[in-house]
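> Take the sequence shown: its letters are residues 2 to 757, numbered as in the working numbering.
Quick reminder that beta carbons are idealized off the backbone N, C-alpha and C, glycines included.
My questions will all concern the structure given below.
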Amino acid sequence: MRVTRETERGRTRAGSVLATGCLLAALHAGDTASAQPPAREQATRPRIGLVLGGGGAKGAAHIGVIKVLEEMRIPVDCIAGTSMGSIVGAAYATGMPAQQLEQIITAVKWKEILASAPRQEIPVHRKSQDFVFTMGLELGVKAGALVPPGGIVPTHQIDALLRRIVAGAGNASDFDALPIPFRAVATNLETGAMTVFDRGDLAMAMRASMAVPGAFAPVEYDGQLHVDGMLVRNLPVDVARSACADVVIAVPVGSPPRPREMLGSLFAVAGQAMDIAIDANEKAQLATLGEGDVAIPVVLDGIGSVDFAKVPDAIPIGEEAARRVADALSRYRLPPGEYAEWRTGLVKAAAGPAVRIDELRLTGFEATNPEVARTFIRSRAGDPYDPQKADADATRLVGRGDYSAVSYGIDNADGRNVLTLKATEKPWGPNYLLSDINLSTDFRGDTAWGLRMDYERRWLNSLGGEFRTALQFGRPNFFGAEFYQPLGLGQRFFVAPSVFANQTLAYLYGSGGRIAQLDSRRYGIQLDAGAALGTWGEFRAGIMRGEYTADNRIAGSPFPDPGPNALGAFTTRFIYDTLDKRMFATRGAYAIVTGHLSETGLGAEKDYRTVAFQVQKTASFGRNVWTALLRGGSDLDSDPPFYDQFKVGGLFNFSGYRVGELIGREYAFGALQLRRRVADLNETLGTGVYVGATVEVGNVFERFDAVPSRGLLAGGSVFVGIDSKVGPIYLAYGLSQGGHHALYLYVGASIEAVPR
Numbered sequence: 002m003r004v005t006r007e008t009e010r011g012r013t014r015a016g017s018v019l020a021t022g023c024l025l026a027a028l029h030a031g032d033t034a035s036a037q038p039p040a041r042e043q044a045t046r047p048r049i050g051l052v053l054g055g056g057g058a059k060g061a062a063h064i065g066v067i068k069v070l071e072e073m074r075i076p077v078d079c080i081a082g083t084s085m086g087s088i089v090g091a092a093y094a095t096g097m098p099a100q101q102l103e104q105i106i107t108a109v110k111w112k113e114i115l116a117s118a119p120r121q122e123i124p125v126h127r128k129s130q131d132f133v134f135t136m137g138l139e140l141g142v143k144a145g146a147l148v149p150p151g152g153i154v155p156t157h158q159i160d161a162l163l164r165r166i167v168a169g170a171g172n173a174s175d176f177d178a179l180p181i182p183f184r185a186v187a188t189n190l191e192t193g194a195m196t197v198f199d200r201g202d203l204a205m206a207m208r209a210s211m212a213v214p215g216a217f218a219p220v221e222y223d224g225q226l227h228v229d230g231m232l233v234r235n236l237p238v239d240v241a242r243s244a245c246a247d248v249v250i251a252v253p254v255g256s257p258p259r260p261r262e263m264l265g266s267l268f269a270v271a272g273q274a275m276d277i278a279i280d281a282n283e284k285a286q287l288a289t290l291g292e293g294d295v296a297i298p299v300v301l302d303g304i305g306s307v308d309f310a311k312v313p314d315a316i317p318i319g320e321e322a323a324r325r326v327a328d329a330l331s332r333y334r335l336p337p338g339e340y341a342e343w344r345t346g347l348v349k350a351a352a353g354p355a356v357r358i359d360e361l362r363l364t365g366f367e368a369t370n371p372e373v374a375r376t377f378i379r380s381r382a383g384d385p386y387d388p389q390k391a392d393a394d395a396t397r398l399v400g401r402g403d404y405s406a407v408s409y410g411i412d413n414a415d416g417r418n419v420l421t422l423k424a425t426e427k428p429w430g431p432n433y434l435l436s437d438i439n440l441s442t443d444f445r446g447d448t449a450w451g452l453r454m455d456y457e458r459r460w461l462n463s464l465g466g467e468f469r470t471a472l473q474f475g476r477p478n479f480f481g482a483e484f485y486q487p488l489g490l491g492q493r494f495f496v497a498p499s500v501f502a503n504q505t506l507a508y509l510y511g512s513g514g515r516i517a518q519l520d521s522r523r524y525g526i527q528l529d530a531g532a533a534l535g536t537w538g539e540f541r542a543g544i545m546r547g548e549y550t551a552d553n554r555i556a557g558s559p560f561p562d563p564g565p566n567a568l569g570a571f572t573t574r575f576i577y578d579t580l581d582k583r584m585f586a587t588r589g590a591y592a593i594v595t596g597h598l599s600e601t602g603l604g605a606e607k608d609y610r611t612v613a614f615q616v617q618k619t620a621s622f623g624r625n626v627w628t629a630l631l632r633g634g635s636d637l638d639s640d641p642p643f644y645d646q647f648k649v650g651g652l653f654n655f656s657g658y659r660v661g662e663l664i665g666r667e668y669a670f671g672a673l674q675l676r677r678r679v680a681d682l683n684e685t686l687g688t689g690v691y692v693g694a695t696v697e698v699g700n701v702f703e704r705f706d707a708v709p710s711r712g713l714l715a716g717g718s719v720f721v722g723i724d725s726k727v728g729p730i731y732l733a734y735g736l737s738q739g740g741h742h743a744l745y746l747y748v749g750a751s752i753e754a755v756p757r
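Dropping the structure here:
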C-alpha cells in the first residue's frame with residue numbers, strides 16, 4: 002500500500018510513492034506472475050493505463066467501455082479505479098473478459114446484496130424477531146449509551162460478492178502479480194490522505210475504495226480507517242501513470258447537475274454539494290491528460306449512484322460513449338494475432354495451481370468464542386482450497402448475528418497454506434436494543450397500536466448464552482424475558498426458561514355485533530428444552546404455569562370464565578422456516594405446529610388439549626409472487642375454556658370478518674394469494690410496491706356464539722402492499738360469504754402470533 006497526502010487547498014504534498022517495475026515485467030513476459038505483453042510487443046507500443054472513476058451504480062457503464070476496448074482490440078497494461086471503478090477494474094485485472102463481467106454484474110440481485118445476511122443462514126430463534134422488528138433497526142448498548150451501527154447498509158454480502166468477482170485472483174497479495182496490474186484508491190478517514198492499495202487483500206481494497214461514508218462502515222487497514230476514494234481522487238489518472246501508463250484512457254461517469262427546481266430538499270442539496278466537491282478533484286485529474294491520452298466521459302441521465310436496479314441500463318450507455326471516441330482510441334488497436342496473444346497471456350496468468358489447505362485459523366473473535374464458530378465451518382485442513390466453500394462458511398457465521406462481516410483468504414506462511422477467516426464483530430455489540438412501531442385499524446373503531454422494544458445481552462458465557470427481554474406498550478401491553486442457553490459448542494441443544502405477562506383489549510362479537518369488550522390478562526413462567534435443526538427448523542417442548550383473568554367492560558353482557566383461571570400445561574412447538582423474508586417473502590416455505598396439553602396435575606383448572614398448524618409455500622415468477630396457505634386447529638373433543646379456543650378473523654385470515662370475530666373449538670382455513678410488484682423502490686426506501694388479491698375458503702366449527710357451521714365459507718381480499726424501510730404497509734379490503742366485509746390499514750407488525 003502506498004499513500005499520498007493532500008493539503009486542504011487540494012495541492013499534493015510529498016508522499017511516499019512505490020513505483021512499479023513495468024520495464025522489468027516486460028522483459029519477463031513469459032513469467033506466469035507477469036501481466037505484461039511479450040517484449041517484442043512492448044517495444045512497439047506504449048503502455049496503456051485504464052482509469053475508471055467512481056459513481057456507484059453509474060459505474061456499471063465501465064463494463065460497456067471495456068466491451069468496446071475488447072472489440073477494438075485495445076490492450077490494457079494497468080488499471081486504477083475508485084469506488085465502483087475499483088470493482089469493475091479489479092475484476093478485469095484478474096483476466097475476466099468483459100462478457101463474463103457483464104453476466105456477473107447484471108445477475109446480481111442488488112436489493113438482496115445490500116441487505117443483511119441471507120435469512121436462510123439465520124438461526125430460527127433469531128428469525129422470530131423479524132415477525133416484529135420489521136424496520137431492522139438495531140442499536141448497540143455500551144456503558145449505558147446507545148451506539149448506532151457504523152453504516153446504514155450491512156457489508157457482509159457486499160464483501161462476499163467482491164470476493165466472488167475476483168476469485169480468479171487466487172491468493173495473489175501483490176496487485177502487480179495479477180494478470181493486469183491494479184490499483185484501488187481510498188481515503189484515509191483519519192488523516193484525509195489518499196491511500197493507494199497495491200498489495201494485500203484485493204476484496205478488502207475494493208471494499209475500502211467504495212465505502213461511502215454514512216452508508217457503509219469504514220474499512221480498517223493497517224490500524225487506520227478508510228472510506229470511499231471519491232473524496233480525494235474520483236478519477237485517479239496520476240495513480241495509473243505511477244503504476245505503468247505511458248498513455249491513459251480515463252473514464253469519468255456522472256449525471257447532469259440537478260436544476261434549481263430539484264434542490265428543494267435537504268438530501269438534494271447535500272447530494273449536489275457532494276457532487277460539486279467530487280467533480281472538482283475529477284476535473285483536476287482530467288486537466289493532466291496529454292495529447293496521447295483519451296477521455297471517455299459517460300453521462301447517465303436518469304441513473305443515480307444508488308439506482309442499482311438500473312445497472313443493466315448503464316452498460317450500453319458506456320458502450321455508446323466509447324464508440325463516440327473510437328477514432329482517438331483506434332491508434333492503440335493491435336493486429337488480431339497480437340491481441341489474441343495478449344489475451345492468451347492474461348488467461349495463463351490467471352490460471353494458478355490448486356492449493357491444499359494446511360491449516361485453518363480464526364481471528365478477530367473477542368466477545369465471541371472461536372471454538373463455537375469452528376463448528377459451523379465446513380472447510381477443513383487437508384481439503385483443496387475452495388473459495389465458494391470458504392464464502393459459504395463466512396456467510397454462515399455472519400448469519401449467526403454477531404458479526405458485521407467475516408472475510409477469508411489463503412496465504413502462505415512458513416511454507417504452509419493457511420486459510421484464515423477473520424471475523425469483524427459488530428462494534429456496537431454484543432448488547433443490542435431493537436425497536437419498532439405498529440398500527441392497525443378497521444376504520445370501525447377497532448384500532449390497535451404498539452411501541453415495541455427488545456433488549457438483548459449475548460455471549461454471557463463461552464457457549465453463547467443470551468438473555469432477551471421484550472416490552473411493548475399499546476395493544477397488547479406485553480412483557481417477556483427469556484434466557485436461551487445452548488448446551489454445547491455446536492449450539493444444537495438448548496434450554497430456555499422464560500417469563501411472560503400481557504394485557505389486551507378485545508371485542509367479542511355475536512349475531513348483532515359487539516357483545517362484550519374484554520380486558521384480559523395472562524401471565525406465567527415456562528421452561529423449554531429443545532433442538533436447533535440447522536438454520537431451517539427448531540423443536541421445543543416445555544412446561545408452563547400461569548394465570549388468566551378477564552374483565553368485561555360492557556356492563557350486562559354475558560361472558561364465561563372471567564377468572565382468575567389457573568394455567569398449567571405441557572407445550573410443544575415445531576417450526577420450519579426457509580422463507581427469504583418473513584414479510585413480503587418471494588420464495589421459501591414456512592410451517593409451525595403447536596400443541597397445548599392442559600393438566601390439572603400441573604395446576605390447571607381443567608384438562609384439555611389443543612393442536613394447531615400453519616403451512617405456507619411461496620414462489621416467484623418474474624414480478625408475480627404466489628403464496629399458498631393452510632391453517633387449522635382442533636381441541637380433539639376436549640372442550641377447552643373460552644380463553645384457549647381458536648380466535649380468527651382479519652386480513653388474510655377470513656378477511657371479510659373483523660379481527661378475532663370468529664371463535665370456536667375447531668377451524669380450517671386455506672388461501673391462495675397473488676401479488677405483483679408494480680413499482681420498485683429506491684434501496685434506501687424499501688423493496689417495492691405490490692398489488693394483489695387472495696381467494697379464501699374455510700370455516701370455524703363449534704362456535705362460541707352458537708352459530709351453526711355448515712360447509713365452507715368463501716371469501717377473499719384485494720390489497721396494496723408496500724415493502725418499506727419502516728415495515729410492511731397494507732391497505733386492504735376483505736369480503737366473506739354472507740355479506741361480511743372489512744377495510745384494513747396495517748403499518749408495521751404486531752406481536753408475533755403463534756396459532757393456538
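Which value, in whole angstroms, describes the spacing of the CA atoms of residue 394 and residue 331?
Near 47 Å, if we compare the C-alpha coordinates of residue 331 and residue 394.
> Around the Cβ of residue 45, are there at least 16 other Cβ atoms within 10 angstroms (buried) or fewer (exposed)?
Exposed, since its Cβ has fewer than 16 Cβ neighbours within 10 Å.
> Kindly indicate the opening and closing residues of the alpha helix (DSSP H) around residue 65.
It spans 62-72 - the alpha helix (DSSP H) in which residue 65 sits, taken as one unbroken run.
> Check the C-beta distance from residue 380 over to residue 59 and give it rounded, since I have them as a contact under 8 Å.
With 8 Å as the limit, residue 380 and residue 59 do not qualify as a contact, their Cβ atoms being about 37 Å apart.
> Helix, strand or coil for residue 35, going by three-state DSSP, please let me know.
The pLDDT assigned to residue 35 is 32, lower than 50, so where the model puts this residue is not dependable; a value taken from the coordinates is nonetheless given after this. Here residue 35 sits in coil by DSSP.
> What number of angstroms, rounded off, separates the C-alpha of residue 620 from the C-alpha of residue 52?
Roughly 43 Å between the two C-alpha positions.
> In the DSSP assignment, what are the bridge partners of residue 448?
In DSSP, residue 448 forms a bridge with 442.
> Tell me whether residue 30 sits in a helix, a strand or coil according to DSSP, three-state version.
Confidence at residue 30 is low in this model, with a pLDDT of 30, below 50, so its placement is unreliable and no value can be given for it.
> Provide the residue span of the beta strand (DSSP E) that contains residue 417, from first to last.
It spans 417-426 - the beta strand (DSSP E) in which residue 417 sits, taken as one unbroken run.
> Throw me the rounded Cβ distance for the residue 510 and residue 659 pair, which I believe falls under 8 Å.
Right, their Cβ atoms sit about 7 Å apart.
> Less than 8 Å separating the beta-carbons of residue 667 and residue 643?
For residue 667 and residue 643, no; Cβs fall outside 8 Å.
> State the DSSP-derived secondary structure class of residue 408, mapped to helix, strand or coil.
Residue state, collapsed to three classes: strand.
> Just the C-alpha distance for residue 143 and residue 432, rounded to the nearest angstrom, thanks.
Taking the straight line joining both Cα atoms gives about 7 Å.
> For residue 54, collect the residues of the same chain with a Cβ closer than 7 Å to its Cβ; drop the 5 residues on either side in sequence, then sort them by chain order.
Here the set comprises 83, 86, 235, 236, 252, 253, 254, 283.
> Helix or strand or just coil, what does DSSP make of residue 738?
Three-state result, residue 738: coil.
> Report the rounded CA-to-CA distance for residue 547 versus residue 569, giving the unit in angstroms.
So the alpha carbons of these two residues sit roughly 6 Å apart.
> Starting from residue 390, trace the alpha helix (DSSP H) both ways and give me its first and last residue.
Unbroken alpha helix (DSSP H) run through residue 390: 388-399.
> Sort 501, 361, 657, 367 by Cα distance to residue 736 and report the nearest one.
Of the listed residues, the one whose Cα sits closest to residue 736 is 657.
> Closest to residue 733 by C-alpha separation, out of 383, 652, 500, 664, would be which residue?
It is 652 whose Cα lies nearest to the Cα of residue 733.
> If you count every other CB in all the chains shown that lies within 10 Å of the CB of residue 725, and 16 or more means buried, which is it?
By the neighbour-count rule (16 or more Cβ atoms within 10 Å), residue 725 is buried.
> Kindly indicate which three-state DSSP category residue 748 falls into: helix, strand or coil?
Three-state DSSP puts residue 748 in a strand.
> Looking at C-alpha atoms only, which residue of 634, 538, 706 is the closest neighbour of residue 699?
Taking only the C-alpha atoms, the option nearest residue 699 is 634.
> So the candidates are 680, 614, 76; which of them puts its Cα closest to the Cα of residue 337?
Per the Cα distances, 76.
> Round the Cβ separation of residue 604 and residue 551 to the nearest angstrom and send it over; I've been treating them as touching at under 8 Å.
Their Cβ separation, rounded to whole angstroms, is 19 Å, which puts residue 604 and residue 551 out of contact at 8 Å.
> Going by the beta-carbon positions, is the gap between residue 166 and residue 93 smaller than 8 Å?
Not in contact: residue 166 and residue 93 (Cβ atoms no closer than 8 Å).
> Residue 362: which of 451, 413, 101 sits nearest, CA to CA?
Nearest option by C-alpha distance: 413.
> Just tell me which of 310, 178, 646 has its CA closest to the CA of residue 106.
Looking at the Cα atoms, 310 is the closest of the given residues.
> Using alpha carbons as the reference points, say which of 176, 715, 574 lies closest to residue 593.
Of the candidates 176, 715, 574, the one whose C-alpha sits nearest the C-alpha of residue 593 is 574.
> In whole angstroms, give me the CA-to-CA distance for residue 492 and residue 128.
Their backbone Cα atoms lie some 16 Å apart in a straight line.
> Need the endpoints of the beta strand (DSSP E) that residue 93 sits in, please.
Note, residue 93: premise wrong, no beta strand (DSSP E); alpha helix (DSSP H) at 85-94.
> Determine the DSSP secondary structure at residue 123, reduced to helix, strand or coil.
Correct three-state label for residue 123: coil.
> What did DSSP end up calling residue 315 once you bin it into helix, strand or coil?
In the structure shown, residue 315 sits in a helix (DSSP, three-state: H, G or I).
> Rounded to the nearest angstrom, what separates residue 286 and residue 162 at their Cα positions?
Those two C-alpha atoms are separated by around 30 Å.
> Measuring only the C-alpha atoms, how far is residue 520 from residue 473?
Roughly 16 Å between the two C-alpha positions.
> Residue 228 and residue 192 look like a contact to me (Cβ under 8 Å); what is the Cβ gap, rounded to whole Å?
At roughly 12 Å, the Cβ-Cβ gap does not stay under 8 Å, so residue 228 and residue 192 are not in contact.
> With a 10 Å radius around its C-beta and 16 neighbouring C-beta atoms as the bar for buried, classify residue 22 as buried or exposed.
Low confidence applies to residue 22: its pLDDT is 31, below 50, so where it sits in the model is not reliable, and the reading given next is rough at best. Burial call: exposed.
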